[in-house]
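Structure first, then comments.
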Amino acid sequence: MSSLHLDAVSVTYDRRVALAPFTSDVRSGEWLCLIGPNGAGKSSILRAIAGLVPHDGVIAVDGAPLSIRSARRRATLVAYVPQSPVLPDDMTAFEYVLLGRSPYVSYFGHESRHDRAMVQSVLERLDLVSFAGRHLGTLSGGERQRLVIARALAQEAPVLLLDEPTSALDIGHQQQALELVDRLRREHGLTVVSAMHDLTLAGLYADRLALLHEGHLVAMGDAAHVLRAETLSEFYGASVTVHQQDDGTVVVIPRRSLQ
Amino acid sequence: MNVHDVTRRRWWTIAAVAAFFVAVILGVMIGPAGRVSSANWDIIWNVRMPRVALAGIVGAMLSLAGASYQGVFRNPLVDPYLLGVAAGAGLGATIIFAIGRQATSGWPVDPLPLVSFVGGLVAVMITYLVGAAFGASRSSVTLVLAGVAVVSLFTAIQTFVLQRNNDVIREVYSWILGRVSNATWADVRLVLPYVIVSSVVLLLHRRHLDLFRVGDDEAASLGSDVARIRIVVVIAATMGTAAVVSVSGLIGFVGVIVPHAVRMLAGASYRRVLPLSLIVGATFLILVDIPGRVLQDPAETPIGVVTAFFGAPFFIVLLRSKKSMA
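Written out as structure tokens, the structure is:
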């Protein structure tokens, strides 16, 4: 159980501001979802937290700044799932999930029996045991996505970052993947920060949404507050109907201009 | 899956070691002077044995370095030859020959492998920087093309240096064709320290190379110091390659054939590919060296000619399979 603290985090690429100072606290066990059009700065926030881009401001887990941590220690606190993960065709599923144990292995060392047992138990929990010896090139999109999440889980980091975790999946597998993250979040108390394009799904699973536009935070709050037709029209240039169901689910439906 | 995997791994290791010993025995037995007997022991000890030892060391080093470069650049097509390391080392060696071997004979450390190393390192750095600058799309082919350009450049400089130093042309060309055929124990002693240091460093990094397979970003997010590890591995592989190239001349394709054969048989994990490439590479070059001795007896067929004969078609098949995958 760990909280994530972002204080005036900004990212600049070649003098172009990708993310203006962004401040937010993510409670332990909370799911924050970043939304916004392409190039809004969603990935920049995630990459900054993962330590993959230089940034200004302070990023802290449980009050301790990540910048003072070694790369390995940082990887035990934050697990990162990129938008298009690299899955080498000729690597086995077990070998792939085992990579998640890397932060716990010394520089010249090898994974211990405990690490292998840990991977085995993650595969069991995610119902992936039968795939363990299969090559990644032979797996379907949904299976691959579950393996990527399995690797992040093997990392045993309390903070999980997901960049567009469902962009390559069909609606059934999207739901499966998000249900899985949600279940793991509840079981392990993971703090989740994700970037997502599907606004309805984002509103359905996240506790809180942050809408970004050209690097600036423009709205933050629950789905009913952020997902409003006029807001989406202003920042996405999209013409949508927003419909709130009786159970509180906010549904965003694109509107066709010519009827 | 684990038990099965471990058994399979052991089986391939045992097979590779057995094949290695068979190759060594064949290498010592076969040659123009006939079988081993007390009458030709001097030939066996001073001609065939150093030759087998050197072929083994060169094959092991080129294969291990090839597999390491492939891992660190995430590119299955590269080897020490295609990255320009061999050409850079060749230029370094040519400069030493141009200065004159007599002039450097009194030095406490032979400058030949050291200058070859510097030449090889400069070449691979240029290849990598050029390949990375224009290969943002992660294309394996860009790096190979950059390597081709660097090889041309270094070969051109080498030709220029040679033209200005006509007197050493013979020496340099016999060096380019390789000295495995007239290897001495002195050659073995010259390269062995570099090869041992390089091999130990590379083998210690085999787990990191598996991590590199998921790309720089993901490896970094898993706590890997990608840039530092890449430099350490490139320096170690280049040092070993340059040392062996400085005595064996340019032997192409070994570093690409052997690791691929190993991958096909024992799986793609670098934890197996690196140690097996070492053993299989030694075996391969010892075996390939044998027909060269007897084929056109009393003349020798240079070992680089034999490896290119097998290696070039293999490389084309590999290119084709990569193309169909993309």
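Protein sequences appear in the order of chains E and S.
Plus 1 on top of the position in the first sequence (first one is 1) and you've got this note's numbering.
Plus 1 on top of the position in the second sequence (first one is 1) and you've got this note's numbering.
Glycine residues also receive a C-beta, built at the ideal position from the N, C-alpha and C atoms.
Chain-order list of residues whose beta-carbon lies under 7 Å from that of residue i (same chain, five-residue window excluded)
{"i": "residue 138(S)", "result": "Any reading at residue 138(S) is ruled out, since the residue's pLDDT is 49, under 50, leaving its predicted position unreliable."}
{"i": "residue 152(E)", "result": "97, 98, 100 and 101"}
{"i": "residue 340(S)", "result": "The structure shown does not extend to residue 340(S), since chain S spans only 2 to 327, so no value can be given for it."}
{"i": "residue 45(S)", "result": "29 and 37"}
{"i": "residue 253(S)", "result": "82, 305, 308, 309 and 312"}
{"i": "residue 256(S)", "result": "63, 64, 66, 67, 80, 81 and 82"}
{"i": "residue 13(E)", "result": "19"}
{"i": "residue 186(E)", "result": "30, 32 and 193"}
Identity of the residues DSSP links to residue i by a beta bridge
{"i": "residue 93(E)", "result": "136(E)"}
{"i": "residue 11(E)", "result": "57(E)"}
{"i": "residue 242(E)", "result": "254(E)"}
{"i": "residue 6(E)", "result": "26(E) and 61(E)"}
{"i": "residue 32(E)", "result": "193(E)"}
{"i": "residue 217(S)", "result": "DSSP lists no partner for residue 217(S)."}
{"i": "residue 80(E)", "result": "161(E)"}
{"i": "residue 66(E)", "result": "61(E)"}
{"i": "residue 88(E)", "result": "In DSSP, residue 88(E) forms no bridge with anything."}
{"i": "residue 17(E)", "result": "14(E)"}
Local Cβ density within 10 Å of residue i, reported as buried at 16 or more and exposed below that
{"i": "residue 244(E)", "result": "exposed"}
{"i": "residue 9(E)", "result": "exposed"}
{"i": "residue 304(S)", "result": "buried"}
{"i": "residue 280(S)", "result": "buried"}
{"i": "residue 42(S)", "result": "exposed"}
{"i": "residue 65(E)", "result": "exposed"}
{"i": "residue 56(E)", "result": "buried"}
{"i": "residue 107(E)", "result": "exposed"}
{"i": "residue 147(E)", "result": "buried"}
{"i": "residue 247(S)", "result": "buried"}
{"i": "residue 95(E)", "result": "buried"}
{"i": "residue 76(S)", "result": "buried"}
{"i": "residue 207(E)", "result": "buried"}
{"i": "residue 229(S)", "result": "exposed"}
{"i": "residue 17(E)", "result": "exposed"}
Other residues of its chain near residue i: CB distance less than 8 Å, five sequence neighbours each side excluded
{"i": "residue 225(S)", "result": "209, 212 and 213"}
{"i": "residue 227(S)", "result": "213, 217, 220 and 221"}
{"i": "residue 76(E)", "result": "103, 104, 156 and 158"}
{"i": "residue 1(E)", "result": "Absent from the structure is residue 1(E), since the part of chain E shown begins at 2 and ends at 260."}
{"i": "residue 74(E)", "result": "104"}
{"i": "residue 155(S)", "result": "85, 88, 89, 91, 92, 120 and 124"}
Test: residue i CB closer than 8 Å to a CB of chain S
{"i": "residue 56(E)", "result": "no"}
{"i": "residue 159(E)", "result": "no"}
{"i": "residue 87(E)", "result": "yes"}
{"i": "residue 76(E)", "result": "yes"}
{"i": "residue 103(E)", "result": "yes"}
{"i": "residue 198(E)", "result": "no"}
{"i": "residue 51(E)", "result": "yes"}
{"i": "residue 236(E)", "result": "no"}
{"i": "residue 206(E)", "result": "no"}
{"i": "residue 111(E)", "result": "yes"}
{"i": "residue 81(E)", "result": "yes"}
{"i": "residue 72(E)", "result": "yes"}
Contact with chain E by residue i, beta-carbon distance below 8 Å
{"i": "residue 279(S)", "result": "no"}
{"i": "residue 221(S)", "result": "yes"}
{"i": "residue 229(S)", "result": "no"}
{"i": "residue 80(S)", "result": "no"}
{"i": "residue 318(S)", "result": "no"}
{"i": "residue 138(S)", "result": "For residue 138(S), the predicted model reports a pLDDT of 49, less than 50, meaning its position is unreliable; a value from the coordinates is still stated below. Judged by the 8 Å Cβ criterion, residue 138(S) is not in contact with chain E."}
{"i": "residue 43(S)", "result": "no"}
{"i": "residue 226(S)", "result": "yes"}
{"i": "residue 205(S)", "result": "yes"}
Own chain, CB closer than 6 Å to residue i, minus 5 neighbours either side, in chain order
{"i": "residue 81(E)", "result": "51 and 162"}
{"i": "residue 57(S)", "result": "283 and 287"}
{"i": "residue 48(E)", "result": "54"}
{"i": "residue 168(S)", "result": "none"}
{"i": "residue 134(E)", "result": "93"}
{"i": "residue 233(E)", "result": "239 and 241"}
{"i": "residue 111(E)", "result": "none"}
{"i": "residue 54(S)", "result": "189"}
Where residue i meets chain B, residues with beta-carbon distance less than 7 Å
{"i": "residue 92(E)", "result": "Absent from the structure: chain B. Protein chains present are E and S."}
Practice problem: Enumerate, from N- to C-terminal direction, the unbroken beta strand (DSSP E) stretches of 3 or more residues contained entirely within the region 186-239 of chain E. | Solution: 192-196, 209-214 and 217-222
Quiz item: In chain order, which continuous runs of the beta strand (DSSP E) of length 3 or greater are located wholly inside the region 85-162 of chain S?
Solution: Fully enclosed beta strand (DSSP E) runs of 3 or longer: not present.
Quiz prompt | Runs of alpha helix (DSSP H) lying entirely within the region 235-308 of chain S, each at least 4 residues, in chain order | solution = 255-267 and 271-295
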